[in-house]
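Undergrad: Structure below; questions to follow.
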Amino acid sequence: MRRLYYAGGDILVEDAVCKALLRFARALAENSTSDVVSVPVRSEAGATTNAHLLLGPASQLFSVPVAEAAELPPDTELVRDLEDRTARLRPSTPAWPDEMTDVTDLDLDAQW
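Mapping of the sequence shown onto the working numbering: residues 1 to 112, in sequence order.
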């Protein structure tokens, strides 16, 4: 679990969700845009609920590990969604095939 500090308060969030959320917030800030995200959180009383966060260039977020909190189950679907949304905000990079058969090998032993 991680304690995520947001807008003068804090929430308890599962580790992988928190890290994906921070990466998404950084990508939003780098692109000068914002978005609303709903994440499962653990209340101080131990109940599970959802928090809606507005993330954008002005968001000031940080997290710290929390050992004594009851764990939330991993939310792999949410992590995947946040990672996909983060990737869409990043500049595209060309995909290279493992083998580039159209490029001849260099003969490094050749005499010049």
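Think of the CB as a built atom: it goes at the ideal place given N, C-alpha and C, for glycine as much as any other residue.
Below 7 angstroms CB to CB, which residues in the same chain sit around R85 once its five sequence neighbours on both sides are set aside?
TA: F24
Undergrad: Within the stretch 23 to 71, note down every full alpha helix (DSSP H) run reaching 4 residues or more, in order along the chain.
TA: none
Undergrad: Please classify R88 as buried or exposed, where buried requires at least 16 neighbouring CB atoms within 10 angstroms.
TA: That one is exposed.
Undergrad: Helix, strand or coil, according to DSSP, for D10 in the structure here?
TA: strand
Undergrad: Among the residues of its own chain, which have a CB less than 7 angstroms from the CB of E83, if the five just before and after it don't count?
TA: Apart from sequence neighbours up to five positions away, the residues of its chain that approach E83 with a beta-carbon distance below 7 angstroms are A20, ordered along the chain.
Undergrad: Tell me which residue opens and which closes the alpha helix (DSSP H) that R90 is part of.
TA: No alpha helix (DSSP H) contains R90, which DSSP labels as neither H nor E.
Undergrad: Please go through the same chain and pick out, in chain order, the residues whose beta-carbon is closer than 7 angstroms to the beta-carbon of D10, but skip the five residues on each side of it.
TA: R3, L4
Undergrad: Among the residues of its own chain, which have a CB less than 7 angstroms from the CB of S43, if the five just before and after it don't count?
TA: T49
Undergrad: If you count every other CB in all the chains shown that lies within 10 Å of the CB of L54, and 16 or more means buried, which is it?
TA: Its Cβ having fewer than 16 others within 10 Å, L54 is exposed.
Undergrad: Nearest-angstrom Cα distance between L1 and E77?
TA: Residue 1 is actually Met in this sequence, not Leu. Those two C-alpha atoms are separated by around 17 angstroms.
Undergrad: With a cut-off of 8 angstroms, does the C-beta of F62 fall near any C-beta of chain B?
TA: Among the chains of the structure shown, chain B does not appear; only one protein chain is present.
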